[in-house]
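Enquirer: This is the structure, below, for whatever I ask next.
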Amino acid sequence: MSKKKQQEFVKEITPMEEDFSQWYTDVILKTDLVDYAPVKGCMVIKPYGYGIWEGIQRVMDRRFKETGHKNAYFPLLIPESYLKKEADHFEGFAPEVLWVTHGGNEKLAERLFIRPTSETIICSMYSKWVQSYRDLPVLINQWCNVVRWEKTTRPFLRTAEFLWQEGHTVHATPEEAQEETMQMLEVYRQVAEDELAMPVLLGQKSDKEKFAGADRTYTMEAMMHDGKALQAGTSHNLGQHFSKMFDIKYLDKDGELKFGWSTSWGTSTRLIGGIIMTHGDNRGLVMPPRVAPTQVVIVPIASHKEGVLDKAYEIKKQLQNDFRLELDNRENYSPGWKFNEWEMKGVPVRLEIGPKDIEQNQVTLFRRDKLEKFTASMDNLNETIANLLDDIHMTMFNNALKNREEKTSITTDYEEFKTLMVEKPGFVKTMWCGSRACEDKMKEDTNATIRCMPFDQTPVGDKCMMCGGEAKHVVYVAKAY
RNA sequence: CUGGGUAUAGCGCAGCUUGGUAGCGCGCUUGAAUGGGGUUCAAGAGGUCGCAGGUUCAAAUCCUGUUACCCAGACCA
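All the letters of the first sequence, read from the start, carry residue numbers 26 to 506 under our numbering.
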């Protein structure tokens with residue numbers, strides 16, 4: 026494509042180097058992922074955006090089932106008294122809870138709140154269901170919406186209402202609960218890296234950053250194109266806080282009545298924001314093939330000529346059982362227009378079929394990640410495309426990993442750190458003494474936060490970067506969404 | 001919650017300073033040609049100017065209030 030043409034095309038999307046926020050907004054609106062809704066902070070997820078969510082659900086739910094979990098559904102509305110049972114939890118969520126006060130014209134005897142998360146209602150039900158050690162473990166997940174009345178919202182990254190999954194389990198021992206917490210973090214890692222091609226750092230949250238009411242919170246953190254980190258999923262070991270508050274007790278083998286040990290873990294439509302900001306470029310979206318709503322788009326060329334459309338349909342029939350695909354037979358758009366549109370929408374593979382291809386028993390393929398065009402034989406087409414999609418996944422993952430590595434610095438010098446946060450935003454791997462004071466100071470000075478204490482604790486120094494005291498933890502620090 | 005900005009056709013905008021018939025581009029509809037990287041021509045449709053008051057013979061335009069959204073912070077997935 027000529028430079029001029031490319032510039033004309035790209036003018037619809039603000040270049041990310043110029044204004045990353047605007048780039049993000051342009052992309053999500055112009056690719057038909059979402060539309061703004063009439064209520065503040067709420068978004069409509071349009072079919073193409075929802076298709077991504079369905080893809081995520083598909084690959085994640087499969088792993089939930091494989092690890093022994095079942096889906097259920099709990100109510101949207103929860104009585105006010107439930108929220109108050111766990112003090113830390115209440116303190117954490119109360120400021121952003123949305124209240125229901127009236128039924129019709131009548132004021133409710135007890136206010137209800139719309140779930141910002143479901144620990145309270147689910148644990149209260151578990152206390153009825155759990156009687157014996159034979160009832161454990163309870164391994165339940167739910168796919169649902171939650172509402173958090175946030176001050177500032179951005180489509181996918183932070184909306185007042187969002188879709189997510191929340192797993193809630195109860196176990197007989199702390200060891201089992203810990204094992205479950207780590208297992209689900211690993212499931213999340215697999216989804217992020219093996220399905221979304223989005224590399225993540227795994228680790229534990231500091232006390233300051235952990236979930237309200239958890240003993241320990243583990244997280245996966247991804248790096249976006251603008252150098253900001255995205256918390257992409259969390260897994261919490263809730264200890265006995267909730268089982269004690271909600272009275273989840275079981276009679277053990279030894280005849281003693283004991284409190285259960287619980288976990289919860291969640292990922293949300295925020296992952297879609299992560300996909301956009303991990304892989305997207307100045308031409309728009311780049312969809313990871315394994316969750317792409319459309320993996321292959323067939324664009325017939327000169328479709329009015331005899332045999333072209335027939336061949337396109339024939340290819341569609343041949344491929345449609347193996348791939349999510351679309352045949353773009355719209356009459357009123359030129360091929361060039363269609364190319365640009367599907368590239369903007371990030372469809373991994375475009376298949377062009379025209380008179381010249383038919384003559385030579387070939388198709389023309391285009392891969393979105395590398396913007397490369399080439400021809401392939403009509404024979405073994407399914408296999409060719411399957412391999413191509415795998416290669417695209419790998420290439421995307423490696424690019425994202427390379428990007429993260431380029432955006433990761435190591436330092437234990439606080440002045441250098443402050444400069445880095447301004448001049449080279451990204452992760453900084455450093456040492457921390459473990460005190461809240463140092464954590465707060467860093468946030469105040471730079472707006473960066475400790476994203477996690479990675480599992481690999483090989484030291485990169487022996488003194489805390491902030492106070493110079495004895496270092497206790499290796500940490501990754503970054504500004505975050 | 002703090003600071004800044006915006007609201008006029010589906011989308012992007014002009015018009016407002018200085019009140020007087022509602023404009024442009026894209027998109028949309030119809031027809032024809034075109035078709036391997038955002039095609040071309042012709043003819044059309046479409047808006048109580050965010051909402052509520054006020055001033056005026058007359059308000060998109062001036063005044064008051066209000067709501068929503070966007071951006072940047074602080075807070076959170």
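Glycine included, C-beta positions come from ideal geometry on N, C-alpha and C.
None of these values were measured; they are calculated from a predicted model.
Around the C-beta of Pro120, are 16 or more other C-beta atoms found within 10 angstroms, so that it is buried, or is it exposed?
Expert: exposed
Enquirer: Can you give me the C-alpha to C-alpha distance between Ala254 and Ala505, rounded to a whole angstrom?
Expert: Each residue's Cα considered, the two are about 4 Å apart.
Enquirer: The alpha helix (DSSP H) that contains Ile383, what's its start and end?
Expert: Pro380 to Glu384
Enquirer: Ignoring anything shorter than 3 residues, give me the beta strand (DSSP E) runs that lie fully in the region 407-435, in order along the chain.
Expert: Qualifying beta strand (DSSP E) stretches, in chain order: 433-435.
Enquirer: To the nearest angstrom, how far is it from the Cα of Glu495 to the Cα of Asp487?
Expert: 6 Å
Enquirer: With a threshold of 16 other CB atoms inside 10 Å of the CB of Ser106, please say whether the residue is buried or exposed.
Expert: Per the 10 Å Cβ criterion, exposed.
Enquirer: Could you tell me which residues DSSP puts in a beta bridge with Ala254?
Expert: Note: Ala254 is bridge-paired with Met248 and Ala505 in the DSSP secondary-structure output.
Enquirer: Quick check: the Cα distance between Ala257 and Met302, rounded to an integer number of angstroms?
Expert: Straight-line spacing of the CA atoms in Ala257 and Met302 works out to 12 Å.
Enquirer: Opposite Met68 in the DSSP bridges: which residues?
Expert: Tyr61
Enquirer: Would you call the region 212-229 and the region 82-93 in contact, with 3 or more CB pairs under 8 Å?
Expert: yes
Enquirer: Here's the rule I'm using: 16 or more other beta-carbon atoms within 10 Å means buried, otherwise exposed. How should Met26 be labelled?
Expert: For Met26, the predicted model reports a pLDDT of 34, less than 50, meaning its position is unreliable; a value from the coordinates is still stated below. Per the 10 Å Cβ criterion, exposed.
Enquirer: Out of Phe236, Lys341 and Phe45, state which residue places its alpha-carbon closest to the alpha-carbon of Asp510.
Expert: The structure shown does not extend to residue 510, since the chain spans only 26 to 506, so no value can be given for it.
Enquirer: By DSSP's criteria, Leu350 is part of a beta bridge. Which residues make up the other side?
Expert: Val321
Enquirer: Under 8 Å, do Arg392 and Ile410 count as touching if we go by C-beta distance?
Expert: no
Enquirer: Can you tell me which of the three DSSP states Lys488 falls into?
Expert: strand
Enquirer: Applying the criterion that 16 or more other CB atoms from any shown protein chain within 10 Å of the CB defines a buried residue, is Asp306 buried or exposed?
Expert: buried
Enquirer: Buried or exposed for Asp5, please, with buried defined as at least 16 other CB atoms from any protein chain shown within 10 angstroms of its CB.
Expert: Because the chain in this structure spans residues 26 to 506, residue 5 falls outside the shown range and cannot be described.
Enquirer: For the beta strand (DSSP E) containing Pro104, name the first residue and the last one.
Expert: Leu102 to Pro104
Enquirer: Can you say whether Arg429 is buried or exposed, counting buried as having 16 or more other CB atoms within 10 angstroms of its CB?
Expert: buried
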